[in-house]
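Notes follow once the structure below has been shown.
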Amino acid sequence: MMKYQRSKMKILNYVLYILSFILGSTITLFFISIEDRDGLGDGDVFAKLKHKVSLQNISNRYFLLILIISKPDNIERRDTIRNTWLQFVKDDSSVKPFFVIGAGGLNADQQLKLKEEYSENKDILSLTSIPDSYGNLTSKILTSFVLLEKEYTFKFLLKCDDDSFVQASAITKELKTTYRDEEYLYWGYFDGRAHVKRSGKWKEEDWFLCDRYLPYALGGGYVLSEPLVKFIARNAELLKMYKSEDVSVGVWLAPLNIKRLHDQRFDTEFLSRGCLNKHLVTHKHSNRVLRHLYSETVTHGRMCTQEVLSRPSYNYNWQAPPSLCCNRNESTILVH
Numbered sequence: 591m592m593k594y595q596r597s598k599m600k601i602l603n604y605v606l607y608i609l610s611f612i613l614g615s616t617i618t619l620f621f622i623s624i625e626d627r628d629g630l631g632d633g634d635v636f637a638k639l640k641h642k643v644s645l646q647n648i649s650n651r652y653f654l655l656i657l658i659i660s661k662p663d664n665i666e667r668r669d670t671i672r673n674t675w676l677q678f679v680k681d682d683s684s685v686k687p688f689f690v691i692g693a694g695g696l697n698a699d700q701q702l703k704l705k706e707e708y709s710e711n712k713d714i715l716s717l718t719s720i721p722d723s724y725g726n727l728t729s730k731i732l733t734s735f736v737l738l739e740k741e742y743t744f745k746f747l748l749k750c751d752d753d754s755f756v757q758a759s760a761i762t763k764e765l766k767t768t769y770r771d772e773e774y775l776y777w778g779y780f781d782g783r784a785h786v787k788r789s790g791k792w793k794e795e796d797w798f799l800c801d802r803y804l805p806y807a808l809g810g811g812y813v814l815s816e817p818l819v820k821f822i823a824r825n826a827e828l829l830k831m832y833k834s835e836d837v838s839v840g841v842w843l844a845p846l847n848i849k850r851l852h853d854q855r856f857d858t859e860f861l862s863r864g865c866l867n868k869h870l871v872t873h874k875h876s877n878r879v880l881r882h883l884y885s886e887t888v889t890h891g892r893m894c895t896q897e898v899l900s901r902p903s904y905n906y907n908w909q910a911p912p913s914l915c916c917n918r919n920e921s922t923i924l925v926h
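Following this note's numbering, the numbering of the sequence shown begins with 591 at its first residue and continues without gaps.
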């Protein structure tokens, strides 16, 4: 009888041990610290992600993530954006902005300033293993995609730069209405005839795919649906990185059967095409211009007091070879 009771007790203890393990694992799965969820540190992203992941956590769910590429010392630029076009979506809980910064090799003063800025704003994605440089832009994008795909559920991601002005509420509205059901969306201003850079800071030494860059959305602003970000993030170790992040994204997505949407309202070339009120994103602007565009929008309901077209745009011809895609002859914007 005592032998039977001892056996029964061992079985009960074993069951309790298993239940405790399952309960502990479940609690761990649903736990995530605020520091990990909102921001800092990538570590060895591909092999040693130390972040606790909780995709079930409702606070990690957003409709749109905004990824703004910045540099450690561009504090004034970030504050300008926070006080201008990010105000358009400040009260929209479905939108979450991040300023992406390569934080590798920062001195103590820079680290302290970045930590204080993060504590105040909770919008810094600090990549501690990546020194911030032109040569690491693609690494910043790829690492950001890996981290955000691990930490968040979202419908779309908008990538832009800290010299871009974005009609964030208009883009969000259009995504929620016109493109909500587009599962594989790649939306921006495309180029397919750009010559490969063979000198300068964007020099490509390992490019062998074609005598031109493959069609890509220009990096001043483009939108990706979540499955495309996930595809890139989950294949990160296999992807070849090129000097230009926007070119790299175009290459990574080139073989996929997706919706590539060329939109002239994305004024995202190396030089702005002017000021048109239909622009959703306009690029290459100083802090002063960003503040002016915001003031005009808030005061008068439009960015441009007087519209100016400094050079025409083009409507991408997807039926032509990429080198013949983009005849610059559009003096008016085609609205989708």
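Ideal Cβ positions, reconstructed from N, Cα and C, are used throughout, including at glycine.
The continuous beta strand (DSSP E) containing D751 extends over residues T743 to D751. G782 is positioned such that its CB atom lies no closer than 8 Å to that of T858. Judged by DSSP in its simplified three-state form, D663 adopts coil rather than helix or strand. With respect to the 8 Å criterion, A693 and L704 are classified as neighbours on the basis of their beta carbons.
Less than 8 Å separates the beta-carbon of F689 from that of I714. Ranking Y776, V685 and S660 by CA distance to the CA of N650 puts V685 first. Spatial neighbours of Y884 in its own chain (CB-CB distance under 7 Å, excluding positions within 5 residues in sequence) are listed in chain order as T674 and W675.
Taking the CA atoms as reference points, D681 sits about 44 Å from L914.
Taking 8 Å as the cut-off, the Cβ atoms of Y832 and A807 do not count as close. Following the DSSP letters along the chain, one finds K703 inside the alpha helix (DSSP H) bounded by residues A698 to N711.
Nearest Cα to I848 within the set Q909, L804 and E772: E772. The region 726-740 makes contact with the region 819-829, as at least three CB pairs between them are under 8 Å.
The beta-bridge partner set that DSSP reports for I656 consists of P687 and L748. The Cβ atoms of I731 and E816 lie no closer than 8 Å to each other.
In this model, V898 and K820 are separated by some 39 Å (Cα to Cα). Note that the C-beta distance between V839 and L804 is not below 8 Å. Here the C-alpha atom of C894 lies approximately 26 Å from the C-alpha atom of L654. Relative to the Cα of K661, the nearest Cα in the group E706, S719, L727 and E710 belongs to L727. Taken through DSSP and simplified to helix, strand or coil, K820 comes out as helix. Y812 has its alpha-carbon roughly 10 Å from the corresponding atom of L851.
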